[in-house]
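> Residues in the sequence shown are numbered consecutively from 146, following full-length UniProt numbering.
I have a structure here, written as C-alpha cells, and I will follow up with some questions on it.
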Amino acid sequence: IVGGSFTRVESHPWVAAIYLKGTFLCGGSLISPGWVLTAAHCFVGGDRIKRQHLSVFLGKTAINETDAKREQNFTVEKLINHEAYNESSYNNDIALLKIRNVNGGYAAKTPSVRTVCLPPLHTHLPAGFTCSIAGFGKQTFNSWEYSQLLKQAEVNLLSKAECKREAPYKDYVSENMFCAASPDWTTDACKGDSGGPLVCETSGRFFLFGVVSWGDGCASVNKPGVYTQVTNYNRWIAEKTGLTQYTKG
Ligand code: 4AZ
146 IVGGSFTRVE
156 SHPWVAAIYL
166 KGTFLCGGSL
176 ISPGWVLTAA
186 HCFVGGDRIK
196 RQHLSVFLGK
206 TAINETDAKR
216 EQNFTVEKLI
226 NHEAYNESSY
236 NNDIALLKIR
246 NVNGGYAAKT
256 PSVRTVCLPP
266 LHTHLPAGFT
276 CSIAGFGKQT
286 FNSWEYSQLL
296 KQAEVNLLSK
306 AECKREAPYK
316 DYVSENMFCA
326 ASPDWTTDAC
336 KGDSGGPLVC
346 ETSGRFFLFG
356 VVSWGDGCAS
366 VNKPGVYTQV
376 TNYNRWIAEK
386 TGLTQYTKG
C-alpha cells in the first residue's frame with residue numbers, strides 16, 4: 146500500500162497472507178471458515194504454481210514474524226483459478242483457495258480472524274464512494290521489499306469513464322473490473338497487495354467488493370488501481386465453494 150497507515154489485523158481480520166515456499170506471495174480474504182478469495186494472477190503466468198507449495202496465514206500483522214497467539218496457519222487443499230482468467234488482459238482475475246489446518250479444521254473466529262461478507266447480487270455503489278484496502282504490498286513503486294507490517298488506506302470508487310481516460314486502462318478495463326484511487330493520487334495498492342481486499346461499509350457491515358488486481362505503476366496521477374468486481378462472481382463463488390448465502394436469483 147502506498148500512503149495510508151499501518152494497522153493491526155484486528156481492524157481487517159479477514160486479511161489472508163499467502164506464501165509460496167515460505168516467501169510472501171499475495172494477499173487474500175477469508176470469505177468463509179474454509180475459503181480464501183484471492184487473485185488468479187498470483188498463481189498463473191511464469192511457472193504455474195502448485196497448491197502443495199502454498200501456505201495461508203490468518204491473523205497476521207507482521208509479514209516476517211510469527212505471532213503464535215493470534216495467527217492461524219493452513220495448507221491449501223484446493224486451488225481454483227477462474228477458468229476464463231486471461232493472462233494478457235487480467236480479465237477474470239479471481240481465484241479460490243480451500244484451506245485446512247494440521248488437524249483438518251478450518252479457520253476459528255477470534256479477534257484477529259473473521260470472515261468478510263460477500264456483497265448481495267447486483268449491489269452497486271456510486272462513484273466517489275469511499276472504501277478501504279489492506280495489504281503487505283510495497284510502500285512505493287520503486288521499493289525493493291514488501292511492507293513488514295499490514296497497512297490500510299482509503300480509496301474512492303471511480304466511474305468507468307474516469308477510469309478509462311488513459312491507456313492502458315482504456316483498452317483493458319473490462320466489465321469485470323472497477324477502479325479506485327485517492328483524489329490526490331497519492332494512495333494506492335501496489336505490488337504485493339494483489340489478491341487482497343477492497344471492502345466497503347454499507348448498512349453497518351463490511352462487504353468485499355474488490356480483489357486487488359493490477360494498475361499502471363502505483364499511486365501515479367490518472368493511473369488508478371484496478372480491482373476484480375466481486376459482485377460479478379457470486380454465482381461462480383457459490384458454484385465452486387457450495388456457499389449459497391447470496392445466490393438468490
Ligand atoms: C502488482 O504488480 C500491482 N496500483 C498490484 C496493484 C497495483 C499495481 C501493481 C495497483 O501486483
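Idealized CB from N, CA, C, for every residue including glycine.
(1) Can you tell which of F219, P328, Y317 and A240 has the C-alpha that lies nearest to the C-alpha of A229?
(2) Measuring only the C-alpha atoms, how far is F188 from V357?
(3) Under 5 Å from any heavy atom of ligand 1, by CB: list those residues in chain order, please.
(4) So for S327, helix, strand or coil by DSSP?
(5) Taking the alpha carbon of E222 as the reference point, which residue from A207, L263, A306 and S200 has its own alpha carbon closest?
(6) Just the Cα atoms here: how many angstroms apart are T206 and H198?
(7) Rank F219, L203, P313 and I278 by C-alpha distance to the C-alpha of T332 and give the top, closest one.
(8) With DSSP as the reference, label residue 93 as helix, strand or coil.
(9) For T275, which residues does DSSP report across the bridge?
(10) Can you tell me the Cα-Cα spacing of L388 and I382, whole angstroms?
(11) Measure the Cβ-Cβ separation of V344 and V261 and say whether it is below 8 Å.
(12) Find out if the Cβ-Cβ distance for the pair residue 395, D329 is shorter than 8 Å.
(13) Excluding the 5 residues flanking N226 on each side, which residues of the same chain have their C-beta closer than 7 Å to its C-beta?
(14) Which same chain residues, not among the five before or five after L294, have their C-beta less than 6 Å away from its C-beta?
(15) Under 6 Å Cβ to Cβ from G273, same chain only, skipping five residues before and after it: list those, please.
(16) List the endpoints of the continuous alpha helix (DSSP H) containing W180.
(17) What are the boundary residues of the beta strand (DSSP E) that E222 is part of?
(18) In the DSSP output, which residue or residues are listed as bridge partners for G172?
(19) In or out: T183 buried (at least 16 other Cβ within 10 Å) or exposed?
So, to answer that:
(1) Sequence index remark: in the sequence shown, residue 229 carries index 84 (1-based). Minimum Cα-Cα distance from A229 among the listed residues F219, P328, Y317 and A240 corresponds to A240.
(2) Taking the first residue of the sequence shown as position 1, residue 188 is located at position 43. Taking the first residue of the sequence shown as position 1, residue 357 is located at position 212. Answer to the nearest angstrom: the Cα atoms are 14 Å apart.
(3) Those satisfying the condition are, in chain order, D333, A334, K336, S339, G360, C363 and G370.
(4) Taking the first residue of the sequence shown as 1, we reach residue 327 at position 182. The answer is coil: DSSP assigns S327 none of H, G, I, E or B.
(5) In the sequence shown, residue 222 corresponds to position 77, counting from 1. Ranking the options by Cα distance to E222, first place goes to S200.
(6) Your numbering for residue 206 matches position 61 in the sequence shown. Your numbering for residue 198 matches position 53 in the sequence shown. Answer to the nearest angstrom: the Cα atoms are 22 Å apart.
(7) Residue 332 sits at position 187 when you count from the first residue of the sequence shown. Nearest C-alpha to T332: I278.
(8) Beyond the ends of the chain as shown, which are 146 and 394, falls residue 93; an answer cannot be given.
(9) By one-based count along the sequence shown, residue 275 stands at place 130. DSSP lists N301 as partners of T275.
(10) Here residue 388 refers to the residue found at position 243 when the sequence shown is read from its first residue. Here residue 382 refers to the residue found at position 237 when the sequence shown is read from its first residue. Approximately 7 Å, taken between the alpha carbons.
(11) Residue numbering aside, residue 344 sits at position 199 when the sequence shown is read from its first letter. Residue numbering aside, residue 261 sits at position 116 when the sequence shown is read from its first letter. Yes, the pair counts as a contact, with Cβ atoms nearer than the cut-off.
(12) As displayed, the chain neither begins before 146 nor continues past 394, which places residue 395 out of reach and without an answer.
(13) By 1-based counting over the sequence shown, the position of residue 226 is 81. Answer for N226: A185, F188, V189 and A240, listed in chain order.
(14) The count along the sequence shown starts at 1 and reaches residue 294 at position 149. Within the same chain, L294 has close Cβ partners F151 and A207.
(15) As a first step, residue 273 must be located in the sequence shown, where it is residue number 128. Closer than 6 Å at the Cβ level, and outside the excluded window around G273, lie N301.
(16) On the sequence shown, residue 180 is found 35 positions in, with the first residue counted as 1. The continuous stretches of alpha helix (DSSP H) do not include W180, which lies in the beta strand (DSSP E) extending over residues W180 to T183.
(17) For the purposes of this step, residue 222 is taken as residue 77 along the sequence shown, with counting starting at 1. Note, E222: beta strand (DSSP E), Q217 to N226.
(18) Position 27 of the sequence shown holds residue 172. A162.
(19) Within the sequence shown, numbered from 1, the residue matching residue 183 stands at position 38. Flag for T183 reads buried.
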